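Quick note: the sequence shown, position 155, residue 155 per UniProt numbering, numbers continuous. Virtual Cβ for every residue (Gly too), placed ideally from N, Cα, C. Bear in mind the structure is a predicted one, so any value in this text is a computation, not a measurement.
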Amino acid sequence: MADSTNVLHLEYPILPLLMQRRSPRAYTPQPVPAAVLQQVFTAASSAASCFGEQPWRYLVGSRASSPEAYDDILGSMGEFNQVWAKSAPVLAVSIAKLTFSHDENPNAWARHDVGQATATLAIQATELSLQVHQMAGFSVDKIRASFNIPAGYEPVAVFTLGYPGNLESLPAPLQEKETAPRVRKPLAEFMFEGAWPTLETERYDAATV
Ligand SMILES: Cc1cc2nc3c(=O)[nH]c(=O)nc-3n(C[C@H](O)[C@H](O)[C@H](O)COP(=O)(O)O)c2cc1C
Numbered sequence: 001m002a003d004s005t006n007v008l009h010l011e012y013p014i015l016p017l018l019m020q021r022r023s024p025r026a027y028t029p030q031p032v033p034a035a036v037l038q039q040v041f042t043a044a045s046s047a048a049s050c051f052g053e054q055p056w057r058y059l060v061g062s063r064a065s066s067p068e069a070y071d072d073i074l075g076s077m078g079e080f081n082q083v084w085a086k087s088a089p090v091l092a093v094s095i096a097k098l099t100f101s102h103d104e105n106p107n108a109w110a111r112h113d114v115g116q117a118t119a120t121l122a123i124q125a126t127e128l129s130l131q132v133h134q135m136a137g138f139s140v141d142k143i144r145a146s147f148n149i150p151a152g153y154e155p156v157a158v159f160t161l162g163y164p165g166n167l168e169s170l171p172a173p174l175q176e177k178e179t180a181p182r183v184r185k186p187l188a189e190f191m192f193e194g195a196w197p198t199l200e201t202e203r204y205d206a207a208t209v
């Protein structure tokens, strides 16, 4: 069962796994078994995608079984991410195929679909007592160079994967981030029934939803 640290508290009840998923920075060194990794990445393939293209690709570096790839992914990250990400046993890069396979036209929804696949993967990971932390703080150029990513494919995000570690293993400022209240916009700020809000109607306190 997933851990219940800093779960989300929202206005309306949602699936427990969605409340439990979060982006932690502390990991144990425990490796993720190959069969579990396969299960997690299989979950990504269950996501919907435009034309059923499944434009997502994942490069995976495991400290235990593919240390060179692991080091390359870690080295692509900004220092502010490396400082905690280096404790995770598995690092990965999500990559979008930018054209449709059936006609070679640009796929404007490729990154959207990669995001959906990774979100799905993260929920599966939560169910398996694992945790995922996605990052934009990495160098696309370094990933391209390290892994010879072909033209037409674009690195989208990097992420950690592993089992929850002790908060105390993190530097103090990061410990604070881990325990800070997790805040979400109220529903009325992003769900607009009937029409886009105007200056006159943009009274969130009076919204009907
Ligand atoms: C595309 C994307 C990029 C992100 N980039 C970073 C990052 O570079 N470093 C970091 O510490 N967290 C990063 N995050 C994590 C977010 O800060 C985090 O998801 C957000 O604060 C909400 O917290 P939660 O995932 O625990 O609910 C990123 C998340 C996403 C989805």
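Check: residue i C-beta below 7 Å from any heavy atom of ligand 1
i, result
"G162", "no"
"H9", "no"
"Q134", "yes"
"N81", "yes"
"S169", "no"
"G137", "yes"
"S49", "no"
"R111", "no"
"S23", "yes"
"R182", "yes"
"A188", "no"
"A157", "yes"
Distance between beta carbons of residue j and residue i, contact taken as under 8 Å
i, j, result
"L74", "A85", "6 Å"
"A125", "L161", "6 Å"
"L170", "R22", "With 8 Å as the limit, L170 and R22 do not qualify as a contact, their Cβ atoms being about 14 Å apart."
Own chain residues within Cβ distance below 7 Å of residue i, not counting five before or after
i, result
"V7", "M19, Q20"
"L15", "none"
"E154", "I95, A96, L98"
Own chain partners of residue i with C-beta closer than 6 Å, once the 5 adjacent residues on each side are dropped
i, result
"S49", "D113"
"F138", "S76, M77, V158"
Own chain partners of residue i with C-beta closer than 8 Å, once the 5 adjacent residues on each side are dropped
i, result
"P33", "none"
"G52", "none"
**Study point:** Uninterrupted alpha helix (DSSP H) stretches inside the UniProt domain "Nitroreductase" (18-68) (no shorter than 4 residues)
**Key:** Every alpha helix (DSSP H) of 4 residues or more that sits fully in the UniProt domain "Nitroreductase" (18-68) is shown, in chain order, as 34-44.
Point to revise | the segment 131-145 / the segment 172-185 touching (three or more Cβ pairs under 8 Å) | key: By the Cβ rule, the segment 131-145 does not count as touching the segment 172-185, because fewer than three pairs are nearer than 8 Å.
Exercise for review: For the segment 127-135 and the segment 148-167, state whether three or more C-beta atom pairs, one from each stretch, are separated by less than 8 Å.
Suggested key: Taking 8 Å as the limit for Cβ pairs, the verdict is that the segment 148-167 does touch the segment 127-135.
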